[in-house]
Structures are given as C-alpha cells and as structure tokens.
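These protein sequences, in sequence, are chains Y and F.
Sequential numbering from 0 applies to the first sequence in numbering that gives the first Met the number 0.
Sequential numbering from 0 applies to the second sequence in numbering that gives the first Met the number 0.
Yeah, the Cβ is synthetic: ideal placement off N, Cα and C, and Gly gets one too.
This one's a predicted model, so the numbers in the text were calculated from it and none came from an experiment.
Since the structure comes first, as structure tokens, the remarks are kept for the end.
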Amino acid sequence: MKLAYWMYAGPAHIGTLRVATSFKNVHAIMHAPLGDDYFNVMRSMLERERDFTPVTTSIVDRHVLARGSQEKVVENITRKDKEELPDLILLTPTCTSSILQEDLQNFVDRAAMESKSDVLLADVNHYRVNELQAADRTLEQIVRFYIEKAQKQNNLSTTKTIKPSVNILGMFTLGFHNQHDCRELKILLNQLGITVNEVIPEGGSVLNLKNLPKAWFNIVPYREVGLMTAVYLEKEFQMPYVDITPMGIVQTESFIRQIANVLNSIDKTNSYNFDQYIDQQTIYVSQAAWFARSIDCQNLTNKKAVVFGDATHAVAMTKILVREMGIRVACAGTYCQHDADWFREQVWGFCDEVLITDDHTQVGDMIARIEPSAIFGTQMERHVGKRLDIPCGVISAPVHIQNFPLGYRPFLGYEGTNQIADLVYNSFTLGMEDHLLEIFGGHDSKEVITKSLSTDSELNWTIEATSELNKIPGFVRGKVKRNTEKFARQNKIITISIDVMYAAKESAGA
Amino acid sequence: MSQLITSPKINEKETLKFECETGNYHTFCPISCVSWLYQKIEDSFFLVIGTKTCGYFLQNALGVMIFAEPRYAMAELEEADISAQLNDYKELKRLCLQIKRDRNPSVIVWIGTCTTEIIKMDLEGMAPRLETEIGIPIVVARANGLDYAFTQGEDTVLAAMACRCPDKISTTSDSKNLETPMMIDNTQKNGQNSKALAHPPLVLFGSLPSAVVNVLTLELNKQGITVDGWLPSSRYTDLPALGEDVYVCGVNPFLSRTAMTLMRRKKCKLINAPFPIGPDGTRAWIEKICNVLGVIPTGLEEREKKIWQSLENYLPLVRGKSVFFMGDNLLEISLARFLTRCGMIVYECGVPYLDKRYQASELLLLEQTCLEKNVPMPRIVEKPDNYYQIQRIRELQPDLVITGMALSNPLEARGINTKWSVEFTFAQIHGFANSKDVLELVTRPLRRNMMQQVSNKTLVKPAK
Numbered sequence: 000m001k002l003a004y005w006m007y008a009g010p011a012h013i014g015t016l017r018v019a020t021s022f023k024n025v026h027a028i029m030h031a032p033l034g035d036d037y038f039n040v041m042r043s044m045l046e047r048e049r050d051f052t053p054v055t056t057s058i059v060d061r062h063v064l065a066r067g068s069q070e071k072v073v074e075n076i077t078r079k080d081k082e083e084l085p086d087l088i089l090l091t092p093t094c095t096s097s098i099l100q101e102d103l104q105n106f107v108d109r110a111a112m113e114s115k116s117d118v119l120l121a122d123v124n125h126y127r128v129n130e131l132q133a134a135d136r137t138l139e140q141i142v143r144f145y146i147e148k149a150q151k152q153n154n155l156s157t158t159k160t161i162k163p164s165v166n167i168l169g170m171f172t173l174g175f176h177n178q179h180d181c182r183e184l185k186i187l188l189n190q191l192g193i194t195v196n197e198v199i200p201e202g203g204s205v206l207n208l209k210n211l212p213k214a215w216f217n218i219v220p221y222r223e224v225g226l227m228t229a230v231y232l233e234k235e236f237q238m239p240y241v242d243i244t245p246m247g248i249v250q251t252e253s254f255i256r257q258i259a260n261v262l263n264s265i266d267k268t269n270s271y272n273f274d275q276y277i278d279q280q281t282i283y284v285s286q287a288a289w290f291a292r293s294i295d296c297q298n299l300t301n302k303k304a305v306v307f308g309d310a311t312h313a314v315a316m317t318k319i320l321v322r323e324m325g326i327r328v329a330c331a332g333t334y335c336q337h338d339a340d341w342f343r344e345q346v347w348g349f350c351d352e353v354l355i356t357d358d359h360t361q362v363g364d365m366i367a368r369i370e371p372s373a374i375f376g377t378q379m380e381r382h383v384g385k386r387l388d389i390p391c392g393v394i395s396a397p398v399h400i401q402n403f404p405l406g407y408r409p410f411l412g413y414e415g416t417n418q419i420a421d422l423v424y425n426s427f428t429l430g431m432e433d434h435l436l437e438i439f440g441g442h443d444s445k446e447v448i449t450k451s452l453s454t455d456s457e458l459n460w461t462i463e464a465t466s467e468l469n470k471i472p473g474f475v476r477g478k479v480k481r482n483t484e485k486f487a488r489q490n491k492i493i494t495i496s497i498d499v500m501y502a503a504k505e506s507a508g509a
Numbered sequence: 000m001s002q003l004i005t006s007p008k009i010n011e012k013e014t015l016k017f018e019c020e021t022g023n024y025h026t027f028c029p030i031s032c033v034s035w036l037y038q039k040i041e042d043s044f045f046l047v048i049g050t051k052t053c054g055y056f057l058q059n060a061l062g063v064m065i066f067a068e069p070r071y072a073m074a075e076l077e078e079a080d081i082s083a084q085l086n087d088y089k090e091l092k093r094l095c096l097q098i099k100r101d102r103n104p105s106v107i108v109w110i111g112t113c114t115t116e117i118i119k120m121d122l123e124g125m126a127p128r129l130e131t132e133i134g135i136p137i138v139v140a141r142a143n144g145l146d147y148a149f150t151q152g153e154d155t156v157l158a159a160m161a162c163r164c165p166d167k168i169s170t171t172s173d174s175k176n177l178e179t180p181m182m183i184d185n186t187q188k189n190g191q192n193s194k195a196l197a198h199p200p201l202v203l204f205g206s207l208p209s210a211v212v213n214v215l216t217l218e219l220n221k222q223g224i225t226v227d228g229w230l231p232s233s234r235y236t237d238l239p240a241l242g243e244d245v246y247v248c249g250v251n252p253f254l255s256r257t258a259m260t261l262m263r264r265k266k267c268k269l270i271n272a273p274f275p276i277g278p279d280g281t282r283a284w285i286e287k288i289c290n291v292l293g294v295i296p297t298g299l300e301e302r303e304k305k306i307w308q309s310l311e312n313y314l315p316l317v318r319g320k321s322v323f324f325m326g327d328n329l330l331e332i333s334l335a336r337f338l339t340r341c342g343m344i345v346y347e348c349g350v351p352y353l354d355k356r357y358q359a360s361e362l363l364l365l366e367q368t369c370l371e372k373n374v375p376m377p378r379i380v381e382k383p384d385n386y387y388q389i390q391r392i393r394e395l396q397p398d399l400v401i402t403g404m405a406l407s408n409p410l411e412a413r414g415i416n417t418k419w420s421v422e423f424t425f426a427q428i429h430g431f432a433n434s435k436d437v438l439e440l441v442t443r444p445l446r447r448n449m450m451q452q453v454s455n456k457t458l459v460k461p462a463k
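Next up, the structure:
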C-alpha cells in the first residue's frame, strides 16, 4: 500500500480510453463499477467536446457480481453495435474489475459473433502500467489488429505514395496541447513538401489503418505514446521513424535534418535538403532565435530553474533553457519512471541533478531545497510554486482546463518556439523590473494602510455574529458586513446577532 | 412514454409513476463524499482504500486533491496487496501511524471502495484492533460503487459514525414525559428556559456547511425547539448523544441507511418529513418536526409567503417551463417538488436510487404539489439509462435538463439548456433563504439565453 495524495499519470484504463475515443467511430465499453466512468466527465469538460463521449459503462454492481458479468457485457456490446454502428468496439476493464479475473477475451469472442463491428479487448495489465504506457500499448494493439486483418483480406496498401509522405503517430485526446501541436506539425510538413498520410489516433478512422504502410515514414512527436506503433511498423514494413520531438529551435532543426536523412535514404533519385528552410524559419519566422540574442534574454543568463514533467517535455524544456536561453537547470526530472534510462541519457550534461520519481512530495522538497527563480513543470509544480512564491510555467501533462486554450498555442515547431520563449520570459521576473525591485524593495509596500474605523458605526456585533462573519469567505465578507449593517440601520437594530445576519441575507434577496 | 406529456389532461386520481430502467447511467463515485466531509468534520482524516482509479477520480474529476494540506489521502492498493502477498493489517497500520504522526486527527475514517469489496478485505474486522493499537478511533464506511451512488457515500459514513455516538442515558422521568409529549403553546413562550426541556431531545442528521446548520437550528429555535446536536458535528469529539428517547430527522434525501441505523442500532425515533429545500419543503420540514415534538408552530405560513415574495424576481422565468432531471445526486425528488411548486413542469425525474420509505413524506408532498398546481406527475425513473434518456430529451425538448458534467456540453451543443446537477450538491440549497440560490442556479441558463446574442442554434453537425 502506498499513501498517495496526488498522482502524475493516471490509471491504465484512462490511457486506453483516450486512444479509443480519439479514433472516429470507435466505441469503448468499460466494464466497471458505477463511478469508475469519470473519463466521460474529464473528456467532456476539458476538451469541451460537443459530441457524447463514445464510452459506455457496463456497470458492475452486486447483482452483476453475483450472477457473473458475461451476459451484461455481451449484451452491452451488441446493443452499442446496433445503436451506434461503430467500426470498432473496444472493451476495457478498470483496476477494480480486472481483479475479478474473468475471461474477458471469451466475452469479446462471443460478442464478436453477434456484432457487425470489430470487437477487441484492450490488453493491458492494470496494476503494472500507467496511463501513458497503456495508451502506447493500446494504439499498437489496434494498429496491429487492422494491419493483420488487412493482410488476411489481402487489401493492405503497401505501395508507397509518389510524393514523400508521413504518418503522425500519437496525437490524441486530453493530450497536452496536442491539437495545436498537430496543426503546427502539419504546417511544417506541408512547407517541407511532405504529405501527411494518416494522423492517428486523433480524428483517424480505424478503417484507414490499412493505409499506414503507404507513407514513406512515421513521426512520433511524443515518445510516451506512439513509439510502440512506430517500432511495430518498422519491423513489419521496414518503415523508418523520426522520434525527435521538434520542440525548441535546436531540436526542431535536428528533427527536420533527420527527416531529410530519411527521405534521402528512401529516394535515391532526388536529393532533399532543407537547410535553406531551416535558416529562413530560424531567422525570420521564429522570434525565439532573435529573442535569445536580445538584451532582454541576457538578463536570464544563469538564472536558476527546475524542470519536471513527462519525459518528452521535460527533456526538451531542459535543453531549450540551457542551450537557447543560457538558463541554468538546477534539476531536471520526470515522473515517467519506465523511461528513466532514456531520460538520464538525454539530460546528461544539461543539469546539475536528475530526479526520477512519481512522488510529488519529493519534487516539492527538491524545489524547496533548490529555491529556483522559476519552475517549469506540471500543475502540481505550479501549485508548489504558489506556496513557495516561485513562478511556474506549465510545460507538461497532467492536463488541466488551462491547457485547453481556445487560441492557438502549440509547443512544437517554429510557432512553438515563440510560445515557449514567451512562457519562459513571462515566468521570470523581467529585465529592468529585477533591478527596480532591488532598489525599491518589492512591488507593494508590505504594510496595509487600513482605513480608520468608521465613526458612524454605532452598531454592535455579538460575539457569535462576529465569528459567523469570519466564516464567510474573505472576498465577500466586506459586502455581507455592509449589507447587514445597512439592514440593521434601516430596521433600527443596534445589536447585530446571528438572527439579524440571516434576516438581512433574506431581505437582500427580495 | 411520452403520451404522458403530450396529453395535458390530468386525472385527479393520478399518482406518481415509478419505474426502474436498470440502465447504463453515470454518476460520480460515492467516495466523492470525502471532498465535503473532510471539510465538515474538522478534526478528521479520511483514508480512501482503493486503487489508482479511485485516486485519479478524486484528483481529476473532483479536482480536490491539489489543496495544500488535505486531510484525506489514498491508501493505494498495489499488485502485492491485491494478490495478498502483503499483510493488509500491517500495511494499514503503517499508513495510519504515518497519518497519526503527520496530522494527528481525532478520528480516521476508512473509506472502503469497490476493490476492498472484491478482494474481501475485512476492514471492519481490522479497525477495532488497530484502533486500540494506535489510540485513534477508526470509523469504517463502505462507500463503494457496487452498492451506492454519489451522495450515498455520505450516507455510509454517517451510518458508520452513528454507531460511534455516545449513548443517551434516559432518566425515568424523561421517558415518562416522552410518551405523552406536552403540547406547548408557542405563542406564550417568552423565556429561554421554557423551551429548554419542554420537548424530547432532537438530533438532526446530514452534512451541511456550518452556516446552513445555524440557519436551520435558528429556524427551529424560533419555534421553541432546541436542537440537541447534529450528525455529523463539526468535530468528531462532539458527536451527539443518541438513545431511545431521542428523535432524529434528516436534512438530505440520500440518508436512508443512516436513518435505518439510527432507528435500529440506536433505537432513535425517526421523524419522516419532506426535506428542507425550497420554502415549501422547509416549512413542511419544520411543521413535521413541530407536530411530532408536540409544539404548535407559529408564523410559518407568513414566513413561507414572504420567502415566495422574495423569489418573485425569478418565478416568471421558470413558470410554465419544463425540466428534465437525468438523475445524479439523489436530490432530484426534492428539487422536482420545489420546481413544480415554482410553476415548472417536471417531465422526468431520474434518480440513481430511491428509498420510498425514507422519502415517503417527500414523495407525498411532490404528489400533492402536482395536484395543486394541476400539472402532470413526473415520471420517476430509478437507475435510468442515459442513452434512452437522451432519446426522450430529443423528443420532449425540455426547457432545461439537469444533468451530470459528462453530458452537459454535448446537450448544449444540441441546443438544449443544461445545468450541472453537482452544483446542487455543493451549493447551499437548504432552508428558507437559500431557496433563492436554487433558483439562481436553475434560471442561469434561461437568463443566459435572454442576454447572449450568440445564436443558440445547434452547434453540431446533424447526424448522418
């Protein structure tokens, strides 16, 4: 047992459902007790989805436990098959229902016989993998299923497209700025003259998965999800993949150069060279490179920062801060413990220390010890920063409603470099402000100049009423006090008791 | 199903229609009660014994775990716990000792979950032993989703806590008084003393913010009734004394198990009243308590009238409008009754669970209200099927749908006004004065429509 107050990565079924609901026309059946189905709430609220989340919970309750759940699960699958006409129905248990050790594969086989749609059981161990690992695994499972199906039916499209083309793997719902990143990547690839063949899972159709091999190569923007699929496609079809995250100027450049290498290795007749494009973007489009040279950014030199997040974003951010802005990263860390080796290798030489943990208290303690000028982390570090009065820029999942801005805020590509530079710059105390603060000792004088007690207040508050008043949240307390006193004066009441307070509240409503 | 609404003729003998759809519906997990109970019981610590799924729920869907010094935590079960490689008792002892060291609460409440049910962890068996070993009382509540929905979590905690209330020693003279409670003429009471022991002790149950507790207590004081205590009290150490001569009355419609425990285990006498939501409900609640305790209520009619007058700003907005409850927090029947009284027509009242005995007075009041207002009785659907409900909503096009957070945005996108049902769980809705807050919530989407210039046309592509 583990005493836990907060967690970075969610349970496995969340990852599975994120993949399933990202595809078009896929319905997920969750075999779980009432209340385990909050994924629907998260997706509907955070993504502000207009459509009903295609997840139905086949509720496990006492009766179902007593009778066995096969009938109910099968019934729900066949029902959704008729009601929603999905291409694929994916069944997943949760931590809870997986303990029942039922033969879910058997449920799926039975339901598949009666359904028009394909039926799959998400194959993850709910106690050994987290949300991200499960998502990676499920995406690979679905891709493999449809590739194998196409192979059997002999309608797999393996002929490569004439022009260079690419699949983007791992964009999905509830991801950290994924939609914006996807748009930015498409713009970038388009400018390189590369056609996007398929984007999966977000907005993709499982029926098109058989077209994946048509592309020349694959891109995995975030190594947390999509890497397994890329490895599978490489093994099966010798499709190369690029897994450099195009975040920051330097990494975006190596991402593009890597693409050029891949293209040149596939197409010997043409020579692909994007140097000019890179220069053009770096000098004229991205403001971040110029910002790095500007006098503004000079003031950031050697400021101390802490970075924490998923492996992809924490690594990229560490490198950006050090290489592109001259900021010292005192500690870089990740909660992706399964990717610890890669993480250590990547940040080696970029930071003073490395912290790999999924225990947020350790992260908090580290921040308190280091006392950086700024933090770049998750919502949890933002919270820690608030308590310690250290500014924090949020750079990684776990997501929060604030990570679903209506405006365009990518983290990848050249526009991403601008967004990140803004984020970094605004997180630190700014240039001249820094000096002025030193001279004048802070933004506000600490002493609060209180207004003298109004003399016309001949009203007495009883002890009970005063304590009641103190229970009212601070931001409305003054208003309540004023209204109550106004009521008392109108009614010629001198002593304000709790009774009077409530009477005042009632009359205020009239 | 919809004939009921399409034919406006109302049969005088019409009664409420109940059905149980036993469908796939969504509500929050009952462990969510932790989020308000830990605030209510100030010296408590809540330990939810469950999996990552449970923890992620509290953190994400409820967004509550981020607070700096929470007085609740997860005892996260890992693979070794599930496969019984670790000893539950030793593990829980380790965690509880840590909690004692870090926070030193007056009570630790163990919240059992679906997982502890399935692996048959004997929490009730372990608690007494551990309690004596660490010297902190441990209350065990099985707030699991196999048996309960959303707010019923509070029910399981209060039922468990009721068993920890001290026993009331009744004196013989007291119990004699009890059998023939004196009728007190309220109009003549003037001193504080006259109301002190004039009626048998009364304990109210249900978790409410302290401001609302004060309001309701004051309301009863005005009638010359003293409230002996509340379950839960704001401190565990102040739990009210219970016993044979104690009358108890609930303030929330989802506390049927607590009511049963109070009657069976503590031998209390239950006052079955409608719930103090809305001016009508609050009045009926006070009246019922007065009647049972042998007090003649005074001034209630004028008071109710005055409150209705204060609601006049809102009432024209809701009169004649229709509302559809998808069912979430078990407050549905009481809200349906109040909104019917306000002049709304309730098409359907979904509810995750309905104890017809505990809610008998409320159901009766709903029926009477419908008859008096001459509107059709709502269809009450237990364990509704959300998919079928959405079909019915499409057909009926109600003016307002009160629903969970998962369905609000999609319904809004289809041009249907919605209000989150959870807001009624967290807002202060009890008592006379708070009736305004209920209507404030209910009318917000309707007022929005009047103000916004953005067209409220359907914002989704029509189905294929």
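Backbone CA spacing between Glu512 of chain Y and Val499 of chain Y [nearest angstrom]: The shown model of chain Y, from 0 to 509, leaves out residue 512 of chain Y, and the question about it has no answer.
Beta carbon proximity, Glu101 of chain Y to chain F, threshold 7 Å: For the purposes of this step, residue 101 of chain Y is taken as residue 102 along the first sequence, with counting starting at 1. It does not; no Cβ of chain F falls within 7 Å.
Burial state of Lys39 of chain F, where buried means 16 or more other Cβ atoms lie within 10 Å: As a first step, residue 39 of chain F is located in the second sequence; it is residue number 40 there, counting from the start. When all chains shown are included, Lys39 of chain F counts as buried.
Reference Thr297 of chain F, options F:Val291, F:Pro409 and F:Ile285, closest by Cα: In the second sequence, residue 297 of chain F corresponds to position 298, counting from 1. The candidate whose alpha carbon is nearest that of Thr297 of chain F is F:Ile285.
Short CB-CB distance (under 7 Å) between Glu414 of chain Y and chain F: In the first sequence, the residue the question calls residue 414 of chain Y occupies position 415. Taking Cβ atoms only, chain F never reaches closer than 7 Å to Glu414 of chain Y, which makes this a no.
Interface positions of the region 84-96 of chain F facing chain Y (Cβ-Cβ less than 9 Å), listed along the chain: Leu85, Asp87, Glu90, Leu91, Arg93 and Leu94
CB contact check: Ala3 of chain Y to chain F, cutoff 7 Å: Counting from one through the first sequence, the residue named residue 3 of chain Y turns up at place 4. True, the Cβ-Cβ gap to chain F drops below 7 Å.
Member of F:Ala432, F:Ile428, F:Leu362 and F:Met449 whose CA lies at the smallest distance from the CA of Leu440 of chain F: Start at 1 with the first residue of the second sequence, and residue 440 of chain F comes out as number 441. Ranking F:Ala432, F:Ile428, F:Leu362 and F:Met449 by Cα distance to Leu440 of chain F puts F:Ile428 first.
Bounding residues of the alpha helix (DSSP H) (the contiguous stretch that carries Thr260 of chain F): Stepping through the second sequence from its first residue, residue 260 of chain F is reached at position 261. Counting along the chain, the alpha helix (DSSP H) containing Thr260 of chain F begins and ends at Ser255 to Arg263.
Simplified DSSP state of Gly203 of chain Y, which is helix, strand or coil: In the first sequence, counting from the first residue as 1, residue 203 of chain Y sits at position 204. Three-state DSSP puts Gly203 of chain Y in coil, outside helix and strand.
Contact list for Glu505 of chain Y against chain F, beta-carbon separation under 9 Å: Residue numbering aside, residue 505 of chain Y sits at position 506 when the first sequence is read from its first letter. Those within 9 Å of Glu505 of chain Y in chain F are Lys305, Ile306, Ser309, Phe431, Ala432 and Lys435.
is_contact[Ser114 of chain Y, chain F] using C-beta, thresh 7 Å: Your numbering for residue 114 of chain Y matches position 115 in the first sequence. Judged by the 7 Å Cβ criterion, Ser114 of chain Y is not in contact with chain F.
Contact set for Ser496 of chain Y: own chain, Cβ-Cβ below 8 Å, skip 5 residues either direction: For the purposes of this step, residue 496 of chain Y is taken as residue 497 along the first sequence, with counting starting at 1. Result list for Ser496 of chain Y: Thr461, Glu463 and Ala464, in chain order.
Beta-carbon contacts of Lys450 of chain Y that lie in its chain and below 8 Å, excluding the five residues immediately before and after: Taking the first residue of the first sequence as position 1, residue 450 of chain Y is located at position 451. Below a pLDDT of 50, predicted positions are generally treated as unreliable, and Lys450 of chain Y, at 39, falls in that range; no measurement from the model is reported.
Nearest-angstrom Cβ-Cβ length linking Met259 of chain F and Ser43 of chain Y, presumed shorter than 8 Å: Here residue 259 of chain F refers to the residue found at position 260 of the second sequence. Here residue 43 of chain Y refers to the residue found at position 44 of the first sequence. Contact doesn't hold; Cβ gap of about 36 Å is too wide.
Near-chain Y residues of the region 206-235 of chain F (beta-carbon distance less than 7 Å), N- to C-terminal order: Ser209, Ala210, Asn213, Val214 and Leu217
Where Ala503 of chain Y falls: helix, strand or coil (DSSP): Mapped onto the first sequence, residue 503 of chain Y falls at position 504. The answer is helix: DSSP assigns Ala503 of chain Y an H, G or I state.
Nearest-angstrom beta carbon gap, Arg70 of chain F and Gly111 of chain F [assumed within contact, 8 Å]: Within the second sequence, numbered from 1, the residue matching residue 111 of chain F stands at position 112. Within the second sequence, numbered from 1, the residue matching residue 70 of chain F stands at position 71. That belief does not hold up - the Cβ atoms of Gly111 of chain F and Arg70 of chain F are roughly 18 Å apart, past 8 Å.
Inter-residue CB distance, Ile344 of chain F and Val374 of chain F (contact presumed, cutoff 8 Å): On the second sequence, residue 344 of chain F is found 345 positions in, with the first residue counted as 1. On the second sequence, residue 374 of chain F is found 375 positions in, with the first residue counted as 1. Confirmed, Cβ separation roughly 5 Å.
Members of the region 397-410 of chain F near chain B, C-beta cut-off 8 Å: In the structure shown, chain B cannot be found, because the protein chains are Y and F.
Sufficient close CB pairs (3 or more, under 8 Å) joining the region 177-190 of chain Y to the region 413-422 of chain Y: yes
Contact list for Thr57 of chain Y against chain F, beta-carbon separation under 9 Å: By one-based count along the first sequence, residue 57 of chain Y stands at place 58. The amino acid at residue 57 of chain Y is misidentified as Thr; the sequence shows Ser. In chain order: Asn23.
Length of the line joining the Cα atoms of Thr494 of chain Y and Ala487 of chain Y: Against the first sequence, residue 494 of chain Y aligns to sequence position 495. Against the first sequence, residue 487 of chain Y aligns to sequence position 488. Rounded to the nearest angstrom, the two C-alpha atoms are 8 Å apart.
Beta carbon proximity, Thr442 of chain F to chain Y, threshold 7 Å: As a working mapping, residue 442 of chain F is identified with position 443 in the second sequence. Cβ-Cβ to chain Y under 7 Å: no for Thr442 of chain F.
Of the listed residues Y:Gln250, Y:Lys162 and Y:Met170, nearest to Ile265 of chain Y (C-alpha basis): Residue 265 of chain Y sits at position 266 when you count from the first residue of the first sequence. Minimum Cα distance to Ile265 of chain Y is reached at Y:Lys162.
Limits of the alpha helix (DSSP H) - the one that Asp154 of chain F falls within: For the purposes of this step, residue 154 of chain F is taken as residue 155 along the second sequence, with counting starting at 1. Per DSSP, Asp154 of chain F belongs to the alpha helix (DSSP H) from Gln151 to Ala161.
Amino acids of chain Y, ordered along the chain, whose beta-carbon sits closer than 9 Å to that of Pro278 of chain F: Residue 278 of chain F sits at position 279 when you count from the first residue of the second sequence. Correct list: empty, because the minimum Cβ distance to chain Y is about 11 Å.
Proximal chain F residues relative to Thr93 of chain Y, where beta-carbon distance stays under 7 Å: Counted from its first residue, the first sequence places residue 93 of chain Y at position 94. The answer, in chain order, is Thr52.
Min CB distance Cys28 of chain F to chain Y below 7 Å: In the second sequence, residue 28 of chain F corresponds to position 29, counting from 1. Yes - at least one Cβ of chain Y is within 7 Å of the one on Cys28 of chain F.
Candidates F:Cys32, F:Leu438 and F:Asp398: closest to Leu338 of chain F by CA position: The count along the second sequence starts at 1 and reaches residue 338 of chain F at position 339. Closest by alpha carbon: F:Leu438.
Partner residues on chain Y for Ala140 of chain F, Cβ-Cβ distance less than 9 Å: Reading the second sequence from its first residue, position 141 is the one you call residue 140 of chain F. Simply none; closest approach about 15 Å.
Limits of the unbroken beta strand (DSSP E) element including Trp229 of chain F: Along the second sequence, read from residue 1 onward, the residue named residue 229 of chain F stands at position 230. Per DSSP, Trp229 of chain F belongs to the beta strand (DSSP E) from Gly228 to Leu230.
Inter-residue spacing [alpha-carbon to alpha-carbon] between Ala288 of chain Y and Asp278 of chain Y: Here residue 288 of chain Y refers to the residue found at position 289 when the first sequence is read from its first residue. Here residue 278 of chain Y refers to the residue found at position 279 when the first sequence is read from its first residue. Answer to the nearest angstrom: the Cα atoms are 11 Å apart.
Proximal residues, the region 105-119 of chain F versus chain Y, C-beta separation under 9 Å: Thr112, Cys113, Thr114, Glu116, Ile117 and Ile118
Secondary structure, beta strand (DSSP E): runs of 3+ residues fully inside the region 321-403 of chain F: 321-324, 344-350, 378-381 and 399-402
Residue of Y:Ala134, Y:Ala31, Y:Lys115 and Y:Glu113 minimising C-alpha distance to Asp122 of chain Y: Along the first sequence, read from residue 1 onward, the residue named residue 122 of chain Y stands at position 123. Checked all of Y:Ala134, Y:Ala31, Y:Lys115 and Y:Glu113; the closest Cα to Asp122 of chain Y is Y:Ala134.
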